[in-house]
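A.B. asks:
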Amino acid sequence: MASRVLAINPWPGLIVAGLVTFFSLGTLAAVALRADAFGALDSFDVAAVRFTVVQAFWSAVLSVALAIPVARALARRSFWGRRALITLLGAPFILPVIVAILGLTAVFGRNGIVAYGLTLAGLEPISIYGFHGVLLAHVFFNLPLATRLLIHGWGSVPAEQFRLAASLDFSWRDVFLHIEWPMLRNLVPGLLVIIFLICTTSFAVALTFGGGPKATTVELAIYQAFKFDFDIGKAALLAGVQFAICGAAALASLWLSVPQAAMGGQDRAVQRFDKGRVMSKIIDSAWITFATLFLAVPLLAIVMQGAPYILSLPTSVWSSALRSLVTALGSAGLTIVFAVSLALVALRWRWLEGLGMLSVAASPLVMGTGLFIMVFPFVDPARIALLITALVNAVMSLPFVLRSIGPAVRACEDRFGPLSDSLGVTGWARVRLVILPRIRAPLGFSAGLAAALSMGDLGVVTLFARPDGATLPLQIYRLMGAYRMEQAMGAALLLLVLSLALFYLFDRGGRGRAKS
């Protein structure tokens, strides 16, 4: 293996690793150096830290706790539309946050479907704002992610184990304790940490559903320190606290993870002999119905309420859509370049791939502000707001993209590396002729994912965009603030269509031209 990895120039990957480290830590240092003084965290900041940890913890616990029975039901049931439902489970992760917020508001808000039903029943409507609103939104985003990963976990259990359980007349409790629980014990700790990290750095959800003294996250407190107080010292201090929280969570995942012994199997189709019981059918059907309604109704609300207004949107919305498209395409291109370069250099030094994960713990607001501080002496930051946004989005998408591209690059090099060595195919020719053609599928998926995530981003641009330079998510947020909800719904539907179209086109393009 050593001779093979030496055949690829490591310098592009090393440069990217340095850039990612700079974006994640160097920008924080730039903000800290610009600060006049560092004070202690006041009671408001401590409350923000406490709220961040509590909401992220409960969001992760609820998402995984609900995902376990949903994934179990989907893993052992076969029904019409199952594949479409599993595909739907992937939508919320690439769904623009502001679109999901509008959909949840249409269902659970003061004038939503749930409030209407409670009023008819003679009950008081519930408020979606505050702690429970943030929790609801995070579960909406992360329940599908947890379910998809757990379905893979159930699929990894050898069919022979279920056949043996049936021959031993295991009850459902025995099947869970001896077969399913070992798999869950291996997957759940890491899954909890992934969702905890996502919820810790959440911004748009807290900005919309939180924001009060009792419902402010650290990321939102950083935004407020920049936008309203211009207290750079406090923003840098809060960013350091957030980085420490995320780092501690990542270390905890290593300590909590339980290694699972490799289990041999014959790759037979999994046949569940415990699925025929009437009660298990009812329970599984109930969980599948719950997941379908919980995910589909907010999206349907966006479509139904936004469709009548999408063709009458003002010119400013269409201009914002064009800016978002350009930013998303640029961000996707940068993400792919970064990810491929890191994956290639990780063939030699595996630990460098870990640098690509640094941005999970970083604050995109601090990252963007650090870049603006550096370029301010040379150019008006507002003029390059979209460029900075694309760069930050690329770095923030990198951890998710690396998870897709990295294993594919390693598998390709393991399979075709010896042949390439014998033919003398090295350097860029090796990457272009051997590796890239055989990782088109993960490349297409990753490009679509990065483009969709950037398309729906509502982060750095909120700080520095001019009134006439907003992206589409920011334009929607401004329409919501002006109580122009019809236009906001129409713009949200436009954003939803564009995001899903970008993901579909890139993903389909990668799969259509993939080579085995």
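The letter at position 249 of the sequence shown is residue 523 when you use the numbering used here, and the numbering goes up by one with no holes.
Glycine included, every Cβ here is placed at the ideal spot set by N, Cα and C.
Does DSSP classify Asp731 as helix, strand or coil?
C.D. replies: Coil.
A.B. asks: Give me the Cβ distance between Ala489 and Val408, rounded to the nearest whole Å; I'm assuming they're in contact under 8 Å.
C.D. replies: That pair is a contact at about 6 Å.
A.B. asks: As an exercise, report each continuous beta strand (DSSP E) stretch of at least 3 residues that is fully enclosed by the region 634–699, in chain order.
C.D. replies: Those beta strand (DSSP E) runs which fall completely within the region 634–699 and span 3+ residues do not exist here.
A.B. asks: From this set, Phe405, Ala522, Leu569, which residue's C-alpha is nearest Ala365's C-alpha?
C.D. replies: It is Leu569 whose Cα lies nearest to the Cα of Ala365.
A.B. asks: Is DSSP giving Ile400 helix, strand or coil here?
C.D. replies: If DSSP states are grouped into helix, strand and coil, Ile400 belongs with coil.
A.B. asks: Among Ile750, Ala721, Arg740, Tyr751, which has the Cα closest to the Cα of Ala775?
C.D. replies: For Ala775, the nearest C-alpha among the options comes from Ala721.
A.B. asks: What's the gap between the Cα of Thr326 and the Cα of Leu707?
C.D. replies: Distance between the alpha carbons of Thr326 and Leu707: 47 Å.
A.B. asks: Note down the Cα distance separating Leu812 from Val591, rounded to an integer number of angstroms.
C.D. replies: The shown model of the chain, from 275 to 790, leaves out residue 812, and the question about it has no answer.
A.B. asks: How long is the line joining the alpha carbons of Leu394 and Leu723, rounded to whole angstroms?
C.D. replies: Going from the Cα of Leu394 to the Cα of Leu723 covers about 41 Å.
A.B. asks: Should the region 448–465 be regarded as contacting the region 292–310, the criterion being three or more beta carbon pairs within less than 8 Å?
C.D. replies: Judged by Cβ distances under 8 Å, the region 448–465 makes no contact with the region 292–310, as fewer than three pairs qualify.
A.B. asks: What three-state label does DSSP hand Trp285 in the structure shown?
C.D. replies: DSSP places Trp285 in helix when its eight states are reduced to three.
A.B. asks: Pop quiz: Gly784 and Phe690 are said to be a contact at Cβ under 8 Å. What is the actual Cβ separation, rounded to whole angstroms?
C.D. replies: At roughly 19 Å, the Cβ-Cβ gap does not stay under 8 Å, so Gly784 and Phe690 are not in contact.
A.B. asks: State the CB to CB distance for the pair Ala613 and Ile679, rounded to an integer number of angstroms; the pair is presumed to be in contact (CB under 8 Å).
C.D. replies: That belief holds up - the Cβ atoms of Ala613 and Ile679 are roughly 5 Å apart, short of 8 Å.
A.B. asks: Could you check the C-alpha separation between Trp561 and Ser554 for me, to the nearest Å?
C.D. replies: Taking the straight line joining both Cα atoms gives about 11 Å.
A.B. asks: According to DSSP, is Phe477 part of a helix, a strand, or is it coil?
C.D. replies: Three-state DSSP puts Phe477 in coil, outside helix and strand.
A.B. asks: Find the nearest neighbour of Ser605 within the set Ser593, Ala668, Val335, judged by alpha-carbon distance.
C.D. replies: The shortest C-alpha separation from Ser605 is found at Ala668.
A.B. asks: Kindly list the residues whose CB is nearer than 6 Å to the CB of Ile610, restricted to its own chain and excluding five residues on each side of it in sequence; keep chain order.
C.D. replies: Taken in chain order, the residues that qualify are Ala721.
A.B. asks: The alpha helix (DSSP H) with Leu363 in it runs from where to where?
C.D. replies: Run containing Leu363: none; DSSP gives neither H nor E here.
A.B. asks: The alpha helix (DSSP H) spanning Trp354 covers which residue range?
C.D. replies: Per DSSP, Trp354 belongs to no alpha helix (DSSP H) and is neither H nor E.
A.B. asks: Express the C-alpha separation of Gly698 and Val683 in angstroms, rounding to a whole number.
C.D. replies: About 19 Å.
A.B. asks: Would Ile519 pass as a contact of Thr563 if the rule is Cβ separation under 9 Å?
C.D. replies: Result no, Cβ atoms of Ile519 and Thr563 do not sit closer than 9 Å.
A.B. asks: I'd like to know if the region 408–419 and the region 499–507 are in contact, where contact means that at least 3 CB-CB pairs between them fall below 8 Å.
C.D. replies: No, the region 408–419 is not in contact with the region 499–507.
A.B. asks: Using only alpha-carbon positions, find the residue among Arg782, Leu573, Ala602, Pro286 that is nearest to Leu665.
C.D. replies: Nearest option by C-alpha distance: Ala602.
A.B. asks: Please determine, among Gly427, Phe405, Ala358, the residue with the shortest C-alpha to C-alpha distance to Ala349.
C.D. replies: Checking every option, the nearest Cα to that of Ala349 belongs to Gly427.
A.B. asks: Within 10 angstroms of the Cβ of Tyr778, are there 16 or more other Cβ atoms? Answer buried if so, exposed if not.
C.D. replies: Tyr778 comes out exposed.
A.B. asks: Tell me whether the region 341–359 and the region 729–738 touch, counting them as touching only if at least three CB pairs, one residue from each stretch, are closer than 8 Å.
C.D. replies: They do not touch, by the three-pair rule.
A.B. asks: Which two residues bound the contiguous alpha helix (DSSP H) that contains Glu454?
C.D. replies: Where Glu454 is concerned, there is no enclosing alpha helix (DSSP H), given that its DSSP letter is neither H nor E.
A.B. asks: From Val320 to Gly521, what does the alpha carbon distance come to, in whole angstroms?
C.D. replies: The alpha-carbon atoms of Val320 and Gly521 are separated by roughly 18 Å.
A.B. asks: What does a CB cutoff of less than 7 Å around Ile368 pick up in its chain, not counting 5 residues either side in sequence?
C.D. replies: Here the set comprises Leu723, Ala726, Leu727, Ser773, Phe777.
A.B. asks: With a 10 Å radius around its C-beta and 16 neighbouring C-beta atoms as the bar for buried, classify Val371 as buried or exposed.
C.D. replies: Per the 10 Å Cβ criterion, buried.
A.B. asks: I'd like the list of long-range same chain contacts for Ala322, defined as Cβ closer than 8 Å, with 5 residues on each side in sequence excluded.
C.D. replies: Hits under 8 Å: Thr490, Thr491, Val492, Leu494, Ala495, Leu512.
A.B. asks: Suppose you measure from the CA of Ala744 to the CA of Arg597; what does that come to, to the nearest Å?
C.D. replies: Approximately 8 Å between the Cα atoms of the pair.
A.B. asks: Taking only three categories from DSSP, how would you classify Lys488?
C.D. replies: It is coil, neither helix nor strand.
A.B. asks: Given Met631, which residues of its chain have a CB within under 6 Å of its CB, disregarding the five upstream and five downstream residues?
C.D. replies: Here the set comprises Pro673.
A.B. asks: Using a Cβ-Cβ cutoff of less than 7 Å, which residues in the same chain neighbour Val290 once the five nearest sequence positions on both sides are dropped?
C.D. replies: Correct list, in chain order: Phe612, Ser615, Leu616.
A.B. asks: Using the three-state DSSP reduction, which class does Asn460 fall into: helix, strand or coil?
C.D. replies: DSSP places Asn460 in helix when its eight states are reduced to three.
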